[in-house]
Amino acid sequence: MKIIESTDAAQAHVRERRAKSVLVPTMGALHRGHLELLRVAREHAGKDGEVAVSIFVNPLQFEPGSDFKKYPRPESTDAKFCEDAGVNLLFRPREMYFDDRSVYVEETRLSAGLCGASRPGHFRGVCTVVAKLFNLLAPNAAVFGEKDYQQLAIIRRMVRDLNFPIEVIGVPTVREADGLALSSRNQYLNTDGRAAAPVLYQAMLRVKELAANGENSVTRLIDAARGVIESAKDARIDYISIVDRENLQPLERLRPNAFIALAVFIGKTRLIDNLRLT
Ligand code: PAF
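Per our numbering, the sequence shown starts with residue 331, numbered consecutively.
As structure tokens, then:
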């Protein structure tokens, strides 16, 4: 596995490369969910293609006072994880931004609700770093998890609107046996928090069950989800929304293509999840 630690070296690498390249952008602290992204990346790259992983804890996507400083950075464990998973290129730049930077990439419609409403500036940070990674590494395709469904939709929109010649591939969420979606942030949970965390999935399953039995009032469905979550110790709801999968607009009545998305604090750890309902 080749390791690149500067943006200049990344550009030299791309100039020399000919084979198909599939990028998995991450912020590190790699886990089983990332392994699935890497499996899908290899499937698309083929055995002679390049699977590239980027690890960069992107300061631009953390709001002031959030967990940027304490975000886990297990550098050597992550490098070994990539090596063992057959990654060809690990890009872990020490720096990505000029001090006097003045250009950002901002999606203005899909970013308005859900996590974008609770985390102002977050998706501008995500789009800016992902656009830079696309320019630096020039992959043919890039793989993202569906757990961050809004992020995936926004990146697809960015690729469409800015004509990046890159295929965006979404990968279904990987869950623990009790339904908790795998996330680097799960490691912040203490024992009680870990026991409470599957409540996100339980709430979504309850809504799916009610929907399957004919309930189509979004207010009543969200109330049902709220009831399940409020029964868990130390759980505080940030948002629960039922939206259209394409435009992420809130719905009043269930219709085809609806999904539920939620963000819940378990203690101090903010977890997100989503599930297709119809
Ligand atoms: O999903 C993530 O890990 C990050 O938001 C991403 C896409 C790597 C951008 O920093």
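From the three backbone atoms N, C-alpha and C, an ideal C-beta is built for every residue, glycine too.
As the structure is a computational prediction, the values presented were derived from the model and not from experiment.
For residue i, the first and last residue of its enclosing alpha helix (DSSP H)
| i | result |
| --- | --- |
| Asn465 | 452–467 |
| Ile552 | 548–560 |
| Glu366 | 362–375 |
| Glu413 | 405–414 |
| Val585 | In the sequence as presented, Val is not what sits at residue 585; that position holds Arg. Premise fails: Arg585 is in no alpha helix (DSSP H) and is neither H nor E. |
| Gly523 | 521–526 |
Beta-carbon proximity list for residue i, same chain, < 6 Å, skipping 5 on both sides
| i | result |
| --- | --- |
| Gln391 | His452, Gly455, Val456 |
| Thr503 | Glu476, Lys477, Ala511 |
| Ala533 | Ala555, Val558, Ile559 |
CB of residue i within 8 Å of CB of residue j, strictly
| i | j | result |
| --- | --- | --- |
| Ala511 | Leu519 | no |
| Phe386 | Met426 | yes |
| Asp568 | Arg600 | yes |
| Phe595 | Val573 | no |
| Phe464 | Phe494 | yes |
| Leu578 | Ala483 | yes |
| Met357 | Ser513 | no |
Endpoints, beta strand (DSSP E) assigned at residue i
| i | result |
| --- | --- |
| Leu444 | Where Leu444 is concerned, there is no enclosing beta strand (DSSP E), although the alpha helix (DSSP H) it sits in stretches over 444–448. |
| Val573 | 565–574 |
| Ala588 | 588–596 |
| Val537 | That residue, Val537, is in no beta strand (DSSP E); its alpha helix (DSSP H) goes 529–542. |
| Thr356 | 351–356 |
Sheet register partners of residue i (DSSP bridge)
| i | result |
| --- | --- |
| Phe421 | Ile334, Ser384 |
| Val501 | Gly475 |
| Leu605 | Ile590 |
| Ala511 | Arg505 |
| Thr599 | Ile596 |
Residues of its chain near residue i, where Cβ-Cβ distance is below 8 Å and the 5 sequence neighbours each way are ignored
| i | result |
| --- | --- |
| Gln341 | Leu466 |
| Leu540 | Arg550, Leu551, Ala554 |
Neighbourhood of residue i by C-beta, 7 Å cutoff - its chain only, sequence neighbours within 5 removed
| i | result |
| --- | --- |
| Glu576 | Asn587 |
| Val471 | Here residue 471 turns out to be Ala, not Val, going by the sequence shown. Answer for Ala471: Val352, His374, Ile496, Glu497, Ile499, listed in chain order. |
| Asp603 | Lys477, Ala511, Leu530, Tyr531, Met534, Leu592 |
| Asn546 | Arg583, Leu584 |
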